[in-house]
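The numbers in this note's numbering rise by one with no breaks, and the one at position 150 of the sequence shown is 156.
So the structure is just underneath, and the comments pick up after that.
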Amino acid sequence: MNVLFTICARAGSKGAAGKNVRMFCGRPLVYYTLEIYEKYRKKHADEGNRIELAVNTDSPLLADQIRGRGTECIFIERREELAGDTAAKGDVIRDTMLSVEEKTGIRYDLIVDLDLTSPLRNVEDVEGTIRKVVENERCNFAYSVVEARRNPYFNMVCKNEKGFYERVNPSEYTARQQTPECFDMNASIYVYAREYLVDLRAENRHALIWEMQDSRVLDIDSEEDFEMMELLAEHYWDNGRYLDIRSNEVCK
7 MNVLFTICAR
17 AGSKGAAGKN
27 VRMFCGRPLV
37 YYTLEIYEKY
47 RKKHADEGNR
57 IELAVNTDSP
67 LLADQIRGRG
77 TECIFIERRE
87 ELAGDTAAKG
97 DVIRDTMLSV
107 EEKTGIRYDL
117 IVDLDLTSPL
127 RNVEDVEGTI
137 RKVVENERCN
147 FAYSVVEARR
157 NPYFNMVCKN
167 EKGFYERVNP
177 SEYTARQQTP
187 ECFDMNASIY
197 VYAREYLVDL
207 RAENRHALIW
217 EMQDSRVLDI
227 DSEEDFEMME
237 LLAEHYWDNG
247 RYLDIRSNEV
257 CK
């Protein structure tokens, strides 16, 4: 099986400025994602899989950080039309895959996107998300989630056309336990079967989820998020938790 891992990160960020090239607990943030990729590759390359990494970016600094780490990868320059705030990430991942296929002549079966703002993700999370696609014939897309702390059927509201607020999904539920189980997409891991990534039409999507521990994932969209993620990581590591992520190779 040919597997292409992707890291897609642009230079600009309005929430946490320059977050993709920031230092995280003393090391470039991207190093933690590179380490997880390398661990997965080392573990599964002997199974006859071709496993490669592509980085789509318009940031020379990020490219320099990755080269400095020594991780072998294929760099794809971010196209201008995919560099804005409104560009869909799925389109960027698809463009990355097609560009790599054109360069290498290799057709990939699975595409695994790792968001570099998820430094506490582990190899088991990546393996679990991949298995959702590989082990289910009808599934062509899987992504990581965490249990939702709010529920649109019970305690989430939005403004209606009259200017007042009501539940996102009006219902007769009187207790959260009665409502359908909901999850938050945490933007950490996306796994695409090639045939779905090629067109990305919603009617062709057959998606499954992989649930991660919400204590290890925080979507970094602001300075406060970045600081909180560092505090969490330092707390965990100081107390002997998730040390497999803080490897000697990453943090030496």
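Idealized CB from N, CA, C, for every residue including glycine.
Just so we're clear, the structure is a prediction, and the values are computed from it rather than from any experiment.
Identify which residue in the options has its Cα closest to the Cα of residue i.
i, options, result
"Val61", "Ala51, Asn175, Arg84, Lys48", "Arg84"
"Met29", "Pro125, Cys145, Met191, Pro158", "Pro125"
"Glu233", "Asn8, Cys31, Gly18", "Cys31"
"Gly111", "Ala51, Gln183, Asn8", "Asn8"
"Glu230", "Arg16, Lys165, Ala22", "Ala22"
"Arg47", "Ala239, Val139, Glu217, Glu130", "Glu130"
"Arg156", "Gln183, Thr92, Asp119", "Gln183"
"Leu214", "Phe147, Lys49, Asp225", "Phe147"
Compare the beta carbon distance of residue i and residue j with 8 Å and say whether it is the shorter of the two.
i, j, result
"Phe81", "Tyr43", "no"
"Phe189", "Val152", "yes"
"Leu122", "Ile13", "yes"
"Ile195", "Tyr159", "no"
"Trp216", "Lys95", "no"
"Leu67", "Ala15", "no"
Classify residue i: buried if its beta carbon has 16 or more other beta carbons within 10 angstroms, exposed otherwise.
i, result
"Val197", "buried"
"Val256", "Below a pLDDT of 50, predicted positions are generally treated as unreliable, and Val256, at 46, falls in that range; the measurement from the model is reported next regardless. It is buried - the Cβ of Val256 has at least 16 other Cβ atoms within 10 Å."
"Phe170", "exposed"
"Asn210", "exposed"
"Lys258", "Note that Lys258 scores 40 on pLDDT, short of 50, meaning its location in the model is unreliable and no value can be drawn from it."
"Asp244", "exposed"
"Ser221", "exposed"
"Gln71", "buried"
"Glu58", "buried"
"Ala208", "exposed"
"Met235", "buried"
"Thr135", "buried"
By Cβ distance, which residues of its chain are closer than 8 Å to residue i, with the 5 residues on each side in sequence left out?
i, result
"Arg100", "Leu203, Val204, Leu206"
"Arg144", "His212"
"Ile251", "Tyr38, Glu41, Ile42, Pro125, Leu126, Arg127, Asn128"
"Arg200", "Met103, Arg113, Tyr114, Asp115, Leu116, Ile117"
"Leu224", "Asp231, Met234, Met235, Leu238"
Name the DSSP beta bridge partners of residue i, please?
i, result
"Pro34", "Met29"
"Trp216", "Ser150"
"Thr63", "Ala15, Glu83"
"Val197", "Val118, Ala148"
"Met162", "Beta-bridge pairing links Met162 to no other residue."
Looking only at its chain, what residues have a beta carbon closer than 7 Å to the beta carbon of residue i, apart from the 5 residues adjacent to it on each side?
i, result
"Asp97", "Leu88"
"Asn254", "For Asn254, the predicted model reports a pLDDT of 46, less than 50, meaning its position is unreliable and no value from the coordinates is stated."
"Glu53", "none"
"Lys109", "Ile80"
"Tyr242", "Tyr248"
For residue i, I'd like the list of residues in its chain whose CB is within less than 6 Å of its CB, leaving aside the five on either flank, ordered along the chain.
i, result
"Gly260", "In the structure as shown, the chain begins at 7 and stops at 258. Residue 260 is therefore absent and cannot be evaluated."
"Ala17", "Asp64, Ser65"
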